[in-house]
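Contents: one structure, followed by commentary.
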Amino acid sequence: MGDQIQFIVEKLNQDPFRKNYNLITFDSLESVQLLQLLNDVLGEIDPKHAVDIREELPEQTVKRMLSLLGILKYKPPGNISDLSTFRQGLVTGSKPVIHPVLHWLLQRTNELKKRAYLARFLVKLEVPAEFLQDDTVADVNKQYEELMEAFKNLHKECEQLKTSGLSTAEIRRDISAMEEEKDQLIKRVDRLKKRVETVQNHQRMLEIARQLRLEKEREESLAQQKHEQKNQLFHAEQRLQRAQLQLKEMHHAVVDSKPESLIKKLEEEINFNSYLVTEKIPRELESKKNSVYLLQKVVAEPAMSQSDLSGVEMKINEVNAEMNQLIEKRMMKYEPIDSKFSMYRQQASIISRKKEAKAEELQAAKEEMSSAERQMLQKTSQAQELEGADVLKGDEFKHYVNKLRSKNTFYKKKRLEIAEITAEYGILQRTEELLKQRHEALQQQLQAIEEKKGISGYSYTQEELERVSAVKSEMDEMKGRTLDNMSEMVKKLNAMVAEKKASLAPVIKELRQLRQKCQELTQECDEKKIQYDSCAAGLESNRSALEQEVKGLHEECVQEESNYHYINCMKRNLEVQLQRAKEEMKVYVSPDPQERRKAIREQYTRIILEQENLGKKLREKQKVVRENHGPNMKQIKMWQDFELLMECKRECFLKQQNQTTIGQVIQEGGKDRLVL
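Using UniProt numbering, the first residue of the sequence shown is number 1, and each one after it goes up by one.
Okay, here's the thing in structure tokens:
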């Protein structure tokens, strides 16, 4: 309860109420203030209820609130006895009754606003059957129902447009932004034109720039067409591979099978397809149609809250439990007469269920097989893109295995040879190291001898010359090989260019045809776009006209509704007056004097006589009062004088008594002094 009051206070302190309450001030509200607060919340939901409850009777206030709460589908807690308590608490402004109502209303204000708005137009007025016999009233009632249906359809379309994300305000903003950009672009183009006009040959340069732009656009379109054609070629190759694979499988199936087995297989497939077409698919289609019908019915109904859904679920559970109890009672009461038929029925139902399960399993297996085939085709296409070989089957795979075995033995032999060569390489490496050491020793001896002879560096210079000459010869040889390779490469490139030209010639020819077709399609697209724009503009104008018409019809409907209520009230008043006049005439004409005394005329006559007699008595009393007024006033004056005289005597007596007591006191004081 504390959380509930806290929520109510928070909501009331927010827009649009702005009450500035706290828990203490809200809890200290009186019953009339609580009722006014509840009426303000209801007035926010439905503006017709925004009234001051002090200006209407309590019965009218409670009746109006109960009618709106009934439209909003508020369900007070408890059973029927609690409903009477709820009404009584609403009349007296009881807090335990009004607080839950405020909590429920403030929790779902937007939803209840929508529901109240719809109820204003969708709550049907019940016209008595005797009034519908009049042709005019019947026609008006029919128009009223047609307008209600039209309002339902228009409201659904409006909600769909709101949820679709299209907003007229956003569209208007986009249009205004595009118009601003258009104006800016026009100004920029004008400025650029003024700048370009001062340049020489600006017309020729503009023409060249235009041609350049067109060629770039053409290049982009050709690149896009090339990409699309590559995709189409890739898809066509995939389709061709699938078709070849299917053809290969069919060849294998034809080779391995006989006509009887093929016919049997086809018969099984036909039986399965006929079962799907005649039994399974129609049953599923019927169930889908029923579910769609139920969903459409649910969508057509007004929105339900969580409490409504929980109530519906409880009702469903109760009905299901009652159905189960009735079925059990029926089974206990009526035993089957023929047990064989029941057994056959059970077997038939079991077989039909098994048949349906197997059909579903077969269909699932077929779908799985088709998905596996698609995956296999994708994998084969990927393998071919990676320049891989096809998947081997049967004898080809055996041949491939034998080939792998022979290669394995060859690999082992070569591996042994590599091990021998590796060992020999180690020996040769060690020999090389020894020879290098000997060479270094001999080189040191040679340098020592050259220094002794005075020709140091001779051997090093000779080695350098030999090395340079060897490098030069290698470079000359490499240049010759490079020139040969370049000439061969040029020849290959020329051959490849010629080959590509020959292969691209039909593609270019086809591309020209496609380009012409593209131009035709572009022209057709432009024409269709113009038609679409004109159609859209026409639909937009029709929509605005329909909106104006709906607005006018809505105002007319409200006016007619108010006129209907006014005429109905006037009619009821006249009927009541007519009934009273008939009863008065019947009583007045009646020969029975007792009945005649009940007439309003007799009653008013009797009241008039009584008032006249009372007036006579009052006039006589007034006359007596006027006659006795003078003597009575004199007597009052005498009594007032007598009262003053008596008051004066009382004061004199009191003064005399006080003087006597003072003299006695003085005499007693003198005697005391004499004694002393």
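Backbone N, C-alpha and C define an ideal beta-carbon position, used for all residues, glycine too. Quick caveat: nothing in here was measured; it's all calculated off a predicted structure.
Contact annotation: S31 and T92 have beta-carbon atoms nearer than 8 Å. In this structure, the beta-carbon distance from S307 to K114 does not fall below 8 Å. Apart from sequence neighbours up to five positions away, the residues of its chain that approach H202 with a beta-carbon distance below 6 Å are V196, ordered along the chain.
Judged by beta-carbon spacing, F131 lies beyond the 8 Å limit of V140, meaning their Cβ atoms are not closer than that value. Counting C-beta pairs closer than 8 Å gives fewer than three between the region 93–100 and the region 109–129, which falls short of the contact rule. Within the same chain, Cβ atoms closer than 8 Å to the Cβ of M148 are found at F121, L122 and K124, the five residues on either side in sequence being excluded. Of the other Cβ atoms in all chains shown, fewer than 16 fall within 10 Å of the Cβ of M178; this residue is therefore exposed. Of the residues assessed, L69 falls on the buried side of the cut-off, its CB having 16 or more other CB atoms within 10 angstroms. Membership of K124 in any alpha helix (DSSP H) is not indicated, and neither H nor E is assigned to it by DSSP. L106 sits away from I186, with the two beta carbons spaced by 8 Å or more. Residue burial is scored here from C-beta neighbours: I608 has fewer than 16 other C-beta atoms within 10 angstroms and is therefore classed as exposed. Three or more Cβ pairs closer than 8 Å define a contact, and the region 367–383 meets that threshold against the region 235–243. For Q160, the closest of L326, N613, A441 and V299 by C-alpha to C-alpha distance is V299.
In this chain, the alpha helix (DSSP H) harbouring P96 covers K95 to Q107. Buried is the label assigned to I45, since at least 16 other Cβ atoms lie within 10 Å of its Cβ. By the neighbour-count criterion, in which a residue is buried when 16 or more other Cβ atoms sit within 10 angstroms of its Cβ, A116 is buried.
In summary, F410 is exposed, with fewer than 16 beta-carbon neighbours lying within 10 Å of its beta-carbon over all protein chains present. Measuring C-alpha to C-alpha distances from L35 to each of G43, L23, I53 and A495 identifies I53 as the nearest.
In the pairwise beta carbon analysis, the region 223–237 is classified as not touching the region 318–327: fewer than three pairs are separated by under 8 Å. Residue state for R213 is assigned as helix, using DSSP reduced to three classes.
Here H399 is exposed. Its C-beta has fewer than 16 other C-beta atoms within 10 Å. Linking C652 to L645 through their CA atoms gives a straight-line distance of about 11 Å. Distance from V62 to L38 at the Cβ level is roughly 11 Å; contact not present, criterion being Cβ atoms closer than 8 Å. For G615, the enclosing alpha helix (DSSP H) begins and ends at I600 to E627.
A straight-line Cα-Cα distance of about 23 Å links N408 and A423. Of the other Cβ atoms in all chains shown, fewer than 16 fall within 10 Å of the Cβ of V558; this residue is therefore exposed. For T198, the three-state secondary structure derived from DSSP is coil.
Counted as a single uninterrupted DSSP element, the alpha helix (DSSP H) harbouring L42 occupies residues S31 to I45. Per DSSP, the unbroken alpha helix (DSSP H) holding Y275 starts and ends at P259 to Y275. Taking one beta carbon from each stretch, the region 200–215 and the region 491–499 have fewer than 3 pairs nearer than 8 Å; the two do not touch. Rounded to the nearest whole angstrom, the CA to CA distance from L504 to M369 is 40 Å. A residue is called buried once 16 or more other Cβ atoms fall within 10 Å of its Cβ, and M486, having fewer, is exposed.
At a Cβ-Cβ threshold of 8 Å, L514 and Q225 count as neighbours. Burial check for L309: the Cβ neighbour count within 10 Å stays below 16, so the residue is exposed.
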